[in-house]
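Report on the following structure.
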Amino acid sequence: MGEIWEGLIAGFWLVVSLDADLVEVTLRSLQVTLTAVVIASAIGLPFGAWLAIRRFRHRRATIALLNALMGLPPVVVGLIVYLLLSRSGPFGVFNLLFTPTAMIIAQVIIITPLIASIAHQAIRDIWADYHDLLISLSTSKIQRIKTLLWDGRRALITASLAGFGRAIGEVGAIMIVGGNIDNATRVLTTAIALETGKGDFALALGLGFVLIGLAVAVNLAIHAIGQTESEGKW
Amino acid sequence: MVTPILPLTMSSAVVKRRGQTLLGPVDLDISAQGFTIVMGPNGAGKTKLLRALHGIERLAAGKVTWQVPVGDTQDRQAFVFQAPIMLRRSVRDNLAYPLRLRGVAKSEAFARAADWAQRVGLGDALDRSAPRLSGGEKQKLALARALIGEPDILFLDEPCANLDGRATREIEAILKDAQAGGTRIVMATHDMGQARRLAEDIVFLMHGQVIERGPAQAFFAGPQTPQARALLQGDIVE
Numbered sequence: 001m002g003e004i005w006e007g008l009i010a011g012f013w014l015v016v017s018l019d020a021d022l023v024e025v026t027l028r029s030l031q032v033t034l035t036a037v038v039i040a041s042a043i044g045l046p047f048g049a050w051l052a053i054r055r056f057r058h059r060r061a062t063i064a065l066l067n068a069l070m071g072l073p074p075v076v077v078g079l080i081v082y083l084l085l086s087r088s089g090p091f092g093v094f095n096l097l098f099t100p101t102a103m104i105i106a107q108v109i110i111i112t113p114l115i116a117s118i119a120h121q122a123i124r125d126i127w128a129d130y131h132d133l134l135i136s137l138s139t140s141k142i143q144r145i146k147t148l149l150w151d152g153r154r155a156l157i158t159a160s161l162a163g164f165g166r167a168i169g170e171v172g173a174i175m176i177v178g179g180n181i182d183n184a185t186r187v188l189t190t191a192i193a194l195e196t197g198k199g200d201f202a203l204a205l206g207l208g209f210v211l212i213g214l215a216v217a218v219n220l221a222i223h224a225i226g227q228t229e230s231e232g233k234w
Numbered sequence: 001m002v003t004p005i006l007p008l009t010m011s012s013a014v015v016k017r018r019g020q021t022l023l024g025p026v027d028l029d030i031s032a033q034g035f036t037i038v039m040g041p042n043g044a045g046k047t048k049l050l051r052a053l054h055g056i057e058r059l060a061a062g063k064v065t066w067q068v069p070v071g072d073t074q075d076r077q078a079f080v081f082q083a084p085i086m087l088r089r090s091v092r093d094n095l096a097y098p099l100r101l102r103g104v105a106k107s108e109a110f111a112r113a114a115d116w117a118q119r120v121g122l123g124d125a126l127d128r129s130a131p132r133l134s135g136g137e138k139q140k141l142a143l144a145r146a147l148i149g150e151p152d153i154l155f156l157d158e159p160c161a162n163l164d165g166r167a168t169r170e171i172e173a174i175l176k177d178a179q180a181g182g183t184r185i186v187m188a189t190h191d192m193g194q195a196r197r198l199a200e201d202i203v204f205l206m207h208g209q210v211i212e213r214g215p216a217q218a219f220f221a222g223p224q225t226p227q228a229r230a231l232l233q234g235d236i237v238e
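Sequences listed follow chains A and B, in order. Going by this note's numbering, the first residue of the first sequence is number 1, and it counts up by one from there. Going by this note's numbering, the first residue of the second sequence is number 1, and it counts up by one from there.
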């Protein structure tokens, strides 16, 4: 118990004094995860909307597969990206292994299905609601998709946030493809794993605070920007 | 001068769902002027008939013919659903939506939206979220949104089904105004009082068939079919 308490205090001081290592690792975490979220959203949100509106032959199978991919084990994703990017792999020439770019690639693969799946469910519900009206007003396909994306924007932000939550706390894949190299690819989660292994609970806990704080802060910030909770806006 | 789209002719129209015939075959003329009330018990096919006329129901057989190609009628007809469909936006944005679809400039669309909100008694509610309105306000908004494009013909599917007397009266007043302004109205209801108040002619529907059709006065004074007579006497018809 004493150890935890001491760790909490030490961790708190690390945060308050803006410890250089802590700041660097935090910024890298944010850079990798935010980039991954932006890319995954750019792919996943339109794809989810498209799945909700379009009727095609293997639609149900596609949706089932997408939902299954949400549970993709990060470690396996890491392994596959590692194999693809390693010197002897098909993309070895790009020299991307053990770089932040490799970590971004792995995270995009992990969170795109999640974002697409949540976006699909949200848009599908709105489409069910709006269907008759939009048909009655003889809207074009483009007009329909624009209307649905706009009126579903809150749900779409939620989808991206869910992706962010999964990516920022992810450790298995980025440990494998990033290598947890000091000053190069070390991020919050891999640093926590390392410090815990070394027995330096103070730093580990400090990093843990930052990680939790970060997740909460980004969520709050996005809700504030979108004025999600303000009366009547949505 | 724009070519009139009415009268409208429906010939041998049939609507099927999973092999079951829900409507028809129906032959029906909708003249250029008037207020038609479609009556009949639940499941008689009132909704299907209106949707088929409006062109949002797939016909298994038969056709609906306007005076101009159907593509040219779409901006000139409007439909109000039984359960009003509210876009998850403000009242103003809901009203402006059909205009914005047709490329009307934002400022003009908003001005017309404000005008229409005033007309249906939602002048103070422009910035409120449409899904948060009360049932009566929602239906008035849906009605205003249908009328804002100044349609030649307006279809209404039991717009007052879940409303109290006051909201019903307000809606009926708006409809009479619209009719006076030259909009042809076709409305389904099973409220006998409402039919008597509004109808100029009656289409009486049962089991997907039109069993009686004629001017409202004659229908209420001397119905031709036993089913209509029973309905008017206050019996339960099914």
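We treat Cβ as the ideally placed atom computed from N, Cα and C, and that holds for glycine.
For the candidate residues the options, whose alpha-carbon lies nearest to that of residue i?
| i | options | result |
| --- | --- | --- |
| A128 of chain A | A:A52, A:G78, A:T62 and A:T189 | A:A52 |
| Q107 of chain A | A:A184, A:G152, A:S17 and A:V38 | A:V38 |
| A199 of chain B | B:L205, B:Q209, B:M206 and B:Q217 | B:Q217 |
| D182 of chain A | A:L148, A:F98 and A:D125 | A:F98 |
| R88 of chain B | A:R154, A:W13 and A:E6 | A:R154 |
| I174 of chain B | B:V26, B:T73 and B:W116 | B:W116 |
| A83 of chain B | A:V25, A:A40, A:L133 and A:A64 | A:L133 |
| V287 of chain B | B:L143, B:A96, B:D157 and B:T73 | Outside the shown range of chain B, which is 1 to 238, sits residue 287 of chain B, and nothing can be said about it. |
| H120 of chain A | A:A102, A:L45, A:T158 and A:P100 | A:L45 |
| S241 of chain B | B:F110, B:S129, B:G182 and B:R166 | A question about residue 241 of chain B goes unanswered here, because the residues of chain B that appear run from 1 up to 238. |
| R51 of chain B | B:E212, B:D29, B:L23 and B:R166 | B:L23 |
| A167 of chain A | A:P113, A:G152 and A:D151 | A:P113 |
| H207 of chain B | B:G40, B:R18, B:L8 and B:R17 | B:G40 |
| F164 of chain A | A:I135, A:L83, A:R55 and A:I109 | A:I109 |
Strictly under 9 Å for the Cβ-Cβ distance: is residue i near chain A by that measure?
| i | result |
| --- | --- |
| R88 of chain B | yes |
| D191 of chain B | no |
| L59 of chain B | no |
| A144 of chain B | no |
| Q74 of chain B | yes |
| I30 of chain B | no |
| I56 of chain B | yes |
| R184 of chain B | no |
| A161 of chain B | no |
| A78 of chain B | yes |
| L101 of chain B | yes |
| F110 of chain B | no |
| P98 of chain B | yes |
Between residue i and residue j, which are expected to be in contact by the criterion C-beta below 8 Å, what is the C-beta distance as a whole number of angstroms?
| i | j | result |
| --- | --- | --- |
| V15 of chain B | K48 of chain B | 5 Å |
| R92 of chain B | L126 of chain B | 4 Å |
| A178 of chain B | L163 of chain B | That pair is no contact at about 17 Å. |
| V15 of chain A | F209 of chain A | 6 Å |
| G214 of chain B | D201 of chain B | 6 Å |
| V186 of chain B | L53 of chain B | 7 Å |
| A13 of chain B | V26 of chain B | 5 Å |
| G34 of chain B | R184 of chain B | 7 Å |
| P74 of chain A | G172 of chain A | 4 Å |
| Q67 of chain B | I5 of chain B | 5 Å |
| L156 of chain B | E137 of chain B | The Cβ separation is near 17 Å, so there is no contact. |
| I278 of chain A | M103 of chain A | Nothing about residue 278 of chain A can be reported from this structure: the residues present for chain A run from 1 to 234 only. |
Hey, does residue i have any beta-carbon neighbour from chain B nearer than 9 Å?
| i | result |
| --- | --- |
| T158 of chain A | no |
| I126 of chain A | yes |
| Q143 of chain A | yes |
| L133 of chain A | yes |
| T139 of chain A | yes |
| S136 of chain A | yes |
| Y82 of chain A | no |
| D151 of chain A | yes |
| D129 of chain A | yes |
| T147 of chain A | yes |
Tell me where the beta strand (DSSP E) around residue i begins and ends.
| i | result |
| --- | --- |
| S12 of chain B | L8 to R17 |
| A61 of chain B | A61 to T65 |
| A78 of chain B | Q77 to V80 |
| V203 of chain B | D201 to M206 |
| L28 of chain B | Q20 to I30 |
| I211 of chain B | Q209 to P215 |
| M39 of chain B | F35 to M39 |
Which two residues bound the contiguous alpha helix (DSSP H) that contains residue i?
| i | result |
| --- | --- |
| F110 of chain B | K106 to R119 |
| L50 of chain B | K46 to H54 |
| P98 of chain B | V91 to L101 |
| T62 of chain A | R59 to L69 |
* Sequence ranges, beta strand (DSSP E) only - wholly within the stretch 121-192 of chain B, length at least 3 -> 153-157 and 184-188
* To do: Only counting runs of 4 or more residues, tell me where the alpha helix (DSSP H) segments fall wholly within the stretch 76-147 of chain A, in order along the chain.
  => 100-136
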